[in-house]
Amino acid sequence: PPDTKLYISQNAHIIMPYHRSLDKARETRKGATKIGTTGRGIGPAYEDKIVRTGIRLCDLLDREIFGEMLRSNVEEKNFYLTQFYDEKPLEYDAIFDEYCGYADRLRQYAANTSLIIDQEIKKGSDILFEGAQGCHLDIDYGTYPFVTSSNTAAGSACCGSGVGPTRIDAVVGICKAYTTRVGEGPFVTELTGAIGEKIQPVGCEFGATTGRKRRCGWLDMVLVRQSVRVSGITGIALTKLDVLTGIDPLRICVAYKTGSEQFSESVPPNTKVLGQCSPIYEEMDGWSENITGAKTMGDLPVNARRYIERLEELAGVKMSLVSVGPGRDETILLGSPFHG
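Quick note on my numbering: the sequence shown kicks off at 22 and runs consecutively.
Okay, here's the thing in structure tokens:
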């Protein structure tokens with residue numbers, strides 16, 4: 022590999038124009054029953070990966086292989102676009118030329134990233150894997166079908182990086198002091214009134230890809246407990262605690278109820294049942310003091326400390342750090358997050 026700090030796995034699948042076209046066409050056709058995707062073609066790209074027609078970076082770098090795969094895929098996708106979705110067909114030549122240009126630019130970064138990481142681990146280097154999205158957008162353990170197309174629980178870091186699970190020393194779960202969701206799907210603790218409208222702008226809750234407003238609600242510890250279990254979380258990074266300043270009282274969802282059933286340790290997999298669930302809340306006193314300058318737990322108002330301590334009790338996991346503001350230095354570190 023070249024002398025660079027950026028490497029891209031040769032096995033990485035490439036999102037193609039027909040993936041984006043299909044993604045948008047499907048959402049348009051579904052109307053009110055849409056998933057709420059970002060329209061970036063991620064789902065259709067995963068479909069091709071599973072049915073073994075996906076184009077990987079190593080395929081893109083071989084012009085002959087790329088051309089053959091692209092021609093077959095464009096023919097198939099154009100059939101769906103024109104015959105089922107009533108959309109315009111895509112041009113093979115235009116896509117081929119555009120993506121060959123990308124291949125020339127990306128060639129120097131293509132590498133066996135699994136091998137590179139393994140070599141670094143053997144040297145004793147510290148390796149940090151950062152997951153995408155959230156545990157409850159996981160294709161298997163999320164609020165299906167309102168999920169992403171991949172596994173987002175911590176174990177997916179091993180599959181994605183090519184590193185065995187015995188190499189992982191600690192798993193830090195990142196959790197806001199309240200709950201948010203962008204896009205469609207059930208949201209048991211959603212706040213549609215004044216409190217939710219206050220949290221949204223103060224917390225800058227806009228989708229990173231789409232810019233859509235995120236839906237906001239009270240912290241849902243049923244979701245947190247399931248995340249801790251499914252991802253093997255060893256410590257929690259609690260973020261945006263400062264956003265709750267001035268809200269009194271605070272509520273924490275400790276369980277769901279629907280009819281005669283109650284859920285406290287796991288989320289019901291049936292989305293219809295989940296949509297019928299009502300939250301069971303614990304109420305706590307809030308705080309009005311500005312906490313952005315806090316450097317230790319002792320600097321926090323007593324009610325903020327009580328809130329954190331109660332979350333630890335409910336999650337069954339200690340906090341590794343607490344964020345009290347948007348700045349990098351506005352963080353209270355509670356020991357090392359990376360030693361489980």
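Here a beta-carbon is modelled for each residue, glycine too, at the ideal position from N, C-alpha and C.
Take residue 113, set aside five residues on each side of it, and the residues of its chain with a beta-carbon closer than 7 angstroms to its own are 91, 92 and 95, in chain order.
Excluding the 5 residues flanking it on each side, residue 150 has same chain C-beta neighbours closer than 7 angstroms at 178 and 182, in chain order.
In this structure residue 346 is in contact with residue 263, their Cβ atoms being roughly 5 angstroms apart against a cut-off of 8 angstroms.
Our two residues, residue 326 and residue 353, have alpha carbons roughly 12 angstroms apart in a direct line. For the pair residue 37 and residue 307, the Cα-to-Cα distance works out to about 49 angstroms. The C-alpha of residue 350 lies about 15 angstroms from the C-alpha of residue 259. Residue range 271-279 is occupied by the beta strand (DSSP E) that includes residue 272, with no alpha helix (DSSP H) assigned at that position. For residue 84, the enclosing alpha helix (DSSP H) begins and ends at 84-104. About 20 angstroms separates the CB atoms of residue 81 and residue 99; that is not less than 8 angstroms, and the two are not in contact. A distance below 6 angstroms between beta-carbons, with the five flanking residues on each side excluded, links residue 43 to the following residues of its chain, in chain order: 65.
Ranking 310, 174 and 216 by CA distance to the CA of residue 250 puts 174 first. Scanning 129, 277 and 125 for the CA closest to the CA of residue 28 turns up 129. By the criterion of a C-beta distance shorter than 6 angstroms, residue 309 is surrounded in its chain by 267, once the five residues flanking it on both sides are discounted.
In this structure, 341 is the residue among 341, 30 and 31 with its C-alpha nearest to the C-alpha of residue 194. One alpha carbon belongs to residue 33, the other to residue 234, and they sit about 30 angstroms apart.
According to the DSSP assignment, residue 284 belongs to no alpha helix (DSSP H) but to the beta strand (DSSP E) extending over 282-284. Check the Cα spacing between residue 156 and each of 123, 142 and 197: the tightest is with 197. The continuous alpha helix (DSSP H) containing residue 144 extends over residues 134-144. Judged by DSSP in its simplified three-state form, residue 122 adopts helix.
The alpha-carbon separation between residue 226 and residue 201 amounts to approximately 8 angstroms. In this model, residue 104 and residue 88 are separated by some 24 angstroms (Cα to Cα). Per the coordinates, the alpha-carbon of residue 166 lies some 43 angstroms from the alpha-carbon of residue 319. The criterion of a C-beta distance shorter than 8 angstroms is not satisfied by residue 73 and residue 41. Exposed is the label assigned to residue 144, since fewer than 16 other Cβ atoms lie within 10 Å of its Cβ. In the structure shown, the three-state DSSP call for residue 243 is helix. Cβ neighbours of residue 163 within its own chain (closer than 6 angstroms, five residues either side excluded): 157. By alpha-carbon distance to residue 255, the top candidate from 192, 153 and 69 is 192. Pairing residue 211 with residue 236 gives a Cβ-Cβ distance under 8 angstroms.
Taking the CA atoms as reference points, residue 205 sits about 22 angstroms from residue 284. Excluding its 5 nearest sequence neighbours in each direction, residue 296 has C-beta neighbours in its own chain below 8 angstroms: 207, listed in chain order.
By the CB criterion at 8 angstroms, residue 243 and residue 215 fall outside the cutoff. In the three-state reduction of the DSSP assignment, residue 318 falls in the helix class, which pools H, G and I.
Only buried fits residue 257, as 16 or more other CB atoms lie within 10 angstroms of its CB.
A residue is called buried once 16 or more other Cβ atoms fall within 10 Å of its Cβ, and residue 274 is buried on that count.
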